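Novice: First, the structure itself, so that you have it in front of you.
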Amino acid sequence: MRRRHHFHIDHLGHSVSVTVETGHSAVVDVLVDGKETARVVLGRERRAALPVELPTDPPTTVTVRATADPGAPRCLLVPADEGDPLVMAPRPY
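8 is the number of the first residue of the sequence shown in my numbering; add one for each residue after it.
The structure is reproduced here in structure tokens:
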């Protein structure tokens, strides 16, 4: 059975949202300011690290780490300076 999980964080003045769709094949979609910037279908690993560019001046690349474990998906945003990962808050669908 497929299920969608949503996560969100505001970083450097920009909205970063992630949807993790679990099931037989998991799918991760990343939106920055409402525009899709990354999408991946996860394999057996059920984890992905997606580089995402924030439209700052100059543009800033961050990494979204998504884990689609059954029952408890989670997402982290790793800042460009490789600082501590920021937990993306789950949001009701």
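Glycine included, each C-beta is placed from N, C-alpha and C at the ideal position. Model, not experiment: these values are computed from the prediction.
Within 10 angstroms of the Cβ of Val48, are there 16 or more other Cβ atoms? Answer buried if so, exposed if not.
Specialist: Per the 10 Å Cβ criterion, exposed.
Novice: Going by the C-beta, is Pro65 closer than 7 Å to any heavy atom of the ligand GTP?
Specialist: Of ligands this structure carries none, so the ligand GTP is not represented either.
Novice: In the DSSP assignment, what residue or residues form a beta bridge with Pro62?
Specialist: BP columns for Pro62 are empty, so no partner.
Novice: Sorted by chain position, which residues of the same chain lie with C-beta nearer than 6 Å to Thr68's C-beta, five sequence neighbours on each side aside?
Specialist: Here the set comprises Pro58, Glu60, Ala87.
Novice: List in chain order: all unbroken beta strand (DSSP E) runs of 3+ residues lying wholly within the region 10-96.
Specialist: Complete beta strand (DSSP E) runs here, min 3: 10-18, 21-29, 33-39, 42-49, 54-61, 67-74, 81-85.
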